[in-house]
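>
In my numbering, the protein residues as written are 21 to 388.
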């Protein structure tokens with residue numbers, strides 16, 4: 021059976037619906053003044069089944085806008101690219117055909133249609149993929165008989181914004197009554213707990229990252245800093261990850277492009293000096309002196325690394341506690357909120373990688 025992609029039906033999985041609604045109701049709901057309602061935007065992940073039907077399996081929140089529109093930012097596009105790559109990797113790993121199948125946004129109080137701006141956005145999905153679909157959620161349209169969501173496509177995408185839109189058939193993996201019962205419970209939990217979740221995110225940003233990690237890097241710095249921006253942390257630090265992780269210590273080469281933290285330089289020099297002394301003792305076959313010096317040097321190095329290890333563990337344990345609280349509601353966080361966690365994790369993982377290698381080098385296990 022040949023199906024026109026522009027009118028192909030859509031099946032919305034409950035997981036995707038819950039994530040979409042869970043984010044949407046944070047910014048427009050019946051308990052919030054109408055003048056404070058805001059539109060939100062996200063992307064859809066799913067697959068095309070036998071070239072006849074679209075299955076929407078996930079609806080990832082991206083960004084919040086104003087009362088009648090959403091403005092994209094550079095980091096939103098970066099986040100989309102990262103999501104696209106991770107979806108592709110998972111598809112290969114799980115042997116599925118999932119990809120970014122479309123987008124979703126909200127029309128609080130406006131019902132279901134495409135504005136000209138919506139058409140332009142949708143062309144970015146339907147032009148490369150004729151099955152590309154848009155879901156629109158309006159909590160005002162939600163009731164016992166309706167889930168308040170519609171699936172839309174452009175009838176003739178080749179006409180661009182001059183094309184009319186059409187609402188296509190939308191099915192669900194559960195019956196509407198069951199979904200409504202489940203979603204009301206989920207909405208209640210989100211509205212009850214989201215304030216606390218946002219406080220925990222703020223704690224990660226301000227206390228664990230700004231105060232904790234930056235203090236750790238300032239006093240016991242390990243990560244190399246690009247000279248073009250010698251602040252404690254920079255978005256471009258990711259560029260030097262391979263240098264740090266390869267762990268070939270070449271300070272003269274690094275100094276051309278990077279600022280080497282004083283603590284890192286000091287302990288690297290100390291380790292190198294101790295290694296040279298121990299190598300000479302090995303060559304001279306002075307085993308008693310070798311063992312005595314090795315024990316003494318190890319103690320000094322471990323003492324130098326004691327504080328950064330303690331601080332790292334303290335900050336990490338605090339972070340784990342916060343993530344345990346946040347994780348049940350992670351699905352309802354947007355790009356900016358997810359980036360708070362990602363930025364912390366990326367920088368702490370990099371620091372930990374170098375610290376682990378220093379701890380290992382501090383054992384002074386030389387080959388005879």
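Quick reminder that beta carbons are idealized off the backbone N, C-alpha and C, glycines included.
Along the chain, which unbroken stretches of the beta strand (DSSP E) at least 3 residues long are found entirely within the segment 159–215?
DSSP runs (the beta strand (DSSP E)) wholly in the segment 159–215: 167–174, 185–188, 190–192.
> How would you write the range of the alpha helix (DSSP H) that residue 372 sits in, first residue to last?
As a first step, residue 372 is located in the chain shown; it is residue number 352 there, counting from the start. Per DSSP, residue 372 belongs to the alpha helix (DSSP H) from 355–381.
> Leaving out the 5 sequence neighbours to the left and right, which residues in its chain are closer than 8 angstroms to residue 335 when beta-carbon positions are compared?
For the purposes of this step, residue 335 is identified with residue 315 of the chain shown, where counting begins at 1. 228, 232, 233, 236, 368, listed in sequence order.
> Since residue 45 is in the alpha helix (DSSP H), which residue starts that stretch and which ends it?
Here residue 45 corresponds to residue number 25 of the chain shown, with the count starting at 1. Run containing residue 45: none; DSSP gives neither H nor E here.
> Classify residue 131: buried if its beta carbon has 16 or more other beta carbons within 10 angstroms, exposed otherwise.
Taking the first residue of the chain shown as position 1, residue 131 is located at position 111. By the 10 Å Cβ count, residue 131 comes out exposed.
> Can you tell me the Cβ-Cβ gap for residue 190 and residue 30, rounded? I've got them flagged as a contact below 8 angstroms.
Locating residue 190 in the chain shown gives position 170, counting from the first residue. Locating residue 30 in the chain shown gives position 10, counting from the first residue. That pair is a contact at about 5 angstroms.
> Taking 8 angstroms as the threshold (C-beta atoms), are residue 292 and residue 386 in contact?
Taking the first residue of the chain shown as 1, we reach residue 386 at position 366. Taking the first residue of the chain shown as 1, we reach residue 292 at position 272. For residue 386 and residue 292, no; Cβs fall outside 8 angstroms.
> Given a threshold of 16 other Cβ atoms within 10 Å of its Cβ, counted over all protein chains shown, does residue 347 qualify as buried or as exposed?
Sequence index remark: in the chain shown, residue 347 carries index 327 (1-based). Its Cβ having fewer than 16 others within 10 Å, residue 347 is exposed.
> Got a sec? Which residues, its chain only, sit under 6 angstroms from residue 318 by beta carbon, not counting five neighbours each side?
Residue mapping note: residue 318 aligns to position 298 of the chain shown, counting from 1. The residues are 384.
> Here's the rule I'm using: 16 or more other beta-carbon atoms within 10 Å means buried, otherwise exposed. How should residue 79 be labelled?
Locating residue 79 in the chain shown gives position 59, where the first residue counts as 1. Residue 79 should be labelled buried.
> Would you identify the three-state DSSP class for residue 260, choosing helix, strand or coil?
On the chain shown, residue 260 is found 240 positions in, with the first residue counted as 1. Below a pLDDT of 50, predicted positions are generally treated as unreliable, and residue 260, at 40, falls in that range; the measurement from the model is reported next regardless. Three-state DSSP puts residue 260 in a helix.
> So if DSSP puts residue 73 in a beta bridge, which residue, or which two residues, is it bridged to?
Residue 73 sits at position 53 when you count from the first residue of the chain shown. According to DSSP, which records beta bridges pairwise, residue 73 is partnered with 69.
> According to the neighbour-count rule (16 or more other Cβ atoms, all chains shown, within 10 Å of its Cβ), is residue 21 buried or exposed?
Along the chain shown, read from residue 1 onward, the residue named residue 21 stands at position 1. The residue is exposed, with fewer than 16 neighbouring Cβ atoms inside 10 Å.
> I'd like the list of long-range same chain contacts for residue 255, defined as Cβ closer than 7 angstroms, with 5 residues on each side in sequence excluded.
Position 235 of the chain shown, counted from the start, is the residue given in the question as residue 255. Caution is warranted here: a pLDDT of 43 is assigned to residue 255, below 50, making its placement in the model unreliable, and no coordinate value can be reported.
> For residue 138, which three-state DSSP category applies?
Looking up residue 138 in the chain shown gives position 118. Residue 138 falls in the helix class under three-state DSSP.
> With a threshold of 8 angstroms, are at least 3 pairs of Cβ atoms found where one atom belongs to the segment 297–311 and the other to the segment 178–189?
Because the criterion of three Cβ pairs below 8 angstroms is not met, the segment 297–311 and the segment 178–189 do not touch.
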